[in-house]
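Peer 1: Residue numbers (my numbering), protein chains in the order written: chain G, 7 to 123; chain V, 5 to 225.
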Ligand SMILES: [Zn+2]
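1. So, residue 178(V) versus residue 73(V), is the Cβ gap smaller than 8 Å?
2. Can you tell me where the alpha helix (DSSP H) holding residue 197(V) begins and where it ends?
3. May I ask whether a heavy atom of ligand 1 can be found less than 7 Å away from the beta carbon of residue 128(V)?
4. Is there a Cβ from chain G that is less than 8 Å from the Cβ of residue 197(V)?
5. Considering only their Cβ atoms, is the gap separating residue 125(V) from residue 63(G) smaller than 8 Å?
6. Taking 8 Å as the threshold (C-beta atoms), are residue 32(G) and residue 53(V) in contact?
7. Output needed in chain order: residues of the segment 50 to 63 of chain V with a Cβ under 7 Å from some Cβ in chain G.
8. Output yes if chain G places a C-beta closer than 8 Å to the C-beta of residue 99(V); else output no.
9. Taking only three categories from DSSP, how would you classify residue 22(V)?
10. Please report whether the beta-carbon of residue 121(G) lies at a distance below 8 Å from any beta-carbon of chain V.
11. Under three-state DSSP, which class holds residue 17(V)?
12. Please look up how many angstroms separate the CB atoms of residue 154(V) and residue 86(V), rounded, as I've assumed it's under 8 Å.
13. Is residue 174(V) near ligand 1, with its Cβ less than 7 Å from a heavy atom?
14. Can you pull the chain G neighbours of residue 126(V), defined as C-beta to C-beta under 7 Å?
15. Going by the DSSP bridge assignment, what does residue 86(G) pair with across the sheet?
16. Does residue 176(V) come out as helix, strand or coil in the three-state DSSP assignment?
17. What do you get for residue 29(G), buried or exposed, if any count of 16 or more other CB atoms within 10 angstroms of its CB means buried?
18. Report the three-state DSSP secondary structure of residue 102(G) (helix, strand or coil).
19. Alpha carbon to alpha carbon, how far is residue 196(V) from residue 123(V)? Give it in angstroms, no decimals.
20. Which whole runs of the alpha helix (DSSP H) in the segment 109 to 179 of chain V are 4 residues long or more, in chain order?
21. Please report whether the beta-carbon of residue 192(V) lies at a distance below 8 Å from any beta-carbon of chain G.
22. Quick one: is residue 103(G) buried, meaning 16 or more other Cβ sit within 10 Å of its Cβ, or exposed?
23. Could you compute how far the alpha carbon of residue 10(V) sits from the alpha carbon of residue 23(G)?
24. Using a Cβ-Cβ cut-off of 8 Å, state whether residue 110(G) counts as contacting chain V.
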C-alpha cells in the first residue's frame, strides 16, 4: 500500500456512490494486547462483505492520518486513523492505518464485488 | 519411539514459534510429523516491516510462508480451512469430528496442540479444545497421547511444572530458519515481546531468550 493521496481516494470513493457495494471494516489492537501489556484491553471489530449503498462519501485529514465517512440513507459508516491506500485488482478500494511497526490498526475497504474468503 | 506425530495449531507460524525444535527432533529420529494448520492467519496484524502485504493479499502470502516452513521442518502439511479469529464461534463438535476423521486416518501415537484456556489467543484455546475433544472421542486402546502447550504468563502458577520440557538450543538454527520463513510475521512478532528501546537488532538473539525451551503438559483424559 502507499500513503493516502486524498484526491485520488476521494475520486474513487465517489465512483461507488449510489451503487450496491461490499464493505470490509475492522479495527484491532491484536489478540496479544493484554498478554504483552497487562494494563491493556483487547478490542476489535470486524465486518466483512456487508452489502450497503451510500449516497455521500468523504475523506478528510491532515496529511498524516485520515478519516473516511460514508453516508447511507439511514445510517453512517466511518473509519479513523487511515494512513495508506491501494486500488486492489483494479476495482477494490483498500484503505488502512498502520502503526510505526507496520501493524494494521484499522481498515476500511469498498468493492463492487464481494471480498474473497 | 513415536510412530507418527500430529501437530494441531490454528495459525501459520504457531508451529515454528511453538514447536519447531521438538518437530525437528522427531524428524531427526525418522518419525513422520503432520501439521494440521487451522487457518491461514488471514487476520494477522503484521503486514511485514516495511509493509508488503495488505488484508487481501495476506492469506496467500501466509499460505506460501507456511508451506516453506513445513518444507524446512520436513513435515507434511494439511490445511483445515477455517478462518482466523473465528474458530471459537464454530461448532466445537463439528471441528472435533473434522479433526477426529483425520486422526483416524493418520493413527498418530502423539498429538501436540494448545492447552485450552491457557493459550492466550482465542483460536489457540478453541482449536486446542476441539483437538482434545477429537482425541477423547477415539477408543481408549487407539487413543494417542496429547501434549498440550500453555503460553500464558501464569502457566506455572495455574498448571504447575510441565511434564515435557524440551531444550531445543541444539537445533535452534533449524527453528530460526522455520520462523524466518514467516517473513510477514517474524520481525513484528519478535519485536512485540520487547518494547524497550534497547532491543537487540539480532532477531535470533531475541528469539533465543524466549524460545529455547518448548514445554508441554501431558493431557489427562
Ligand atoms: Zn497463533
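Glycine included, every Cβ here is placed at the ideal spot set by N, Cα and C.
All values derive from a computational prediction rather than experimental measurement.
Peer 2: Looking at the atomic coordinates:
1. No, Cβ-Cβ distance for residue 178(V) and residue 73(V) is not below 8 Å.
2. Looking at the DSSP string, the run of the alpha helix (DSSP H) that includes residue 197(V) is 190 to 197.
3. yes
4. yes
5. Taking 8 Å as the cut-off, the beta carbon of residue 63(G) is found no closer than this to the beta carbon of residue 125(V).
6. No, Cβ-Cβ distance for residue 53(V) and residue 32(G) is not below 8 Å.
7. 50, 51, 52, 53, 54, 55, 58, 59, 60 and 63
8. no
9. helix
10. yes
11. coil
12. About 22 Å separates the two Cβ atoms, so there is no contact after all.
13. In this structure, residue 174(V) has its CB at a distance of at least 7 Å from all heavy atoms of ligand 1.
14. 37
15. 73(G)
16. helix
17. buried
18. strand
19. 17 Å
20. 126 to 140 and 159 to 163
21. yes
22. buried
23. 51 Å
24. yes
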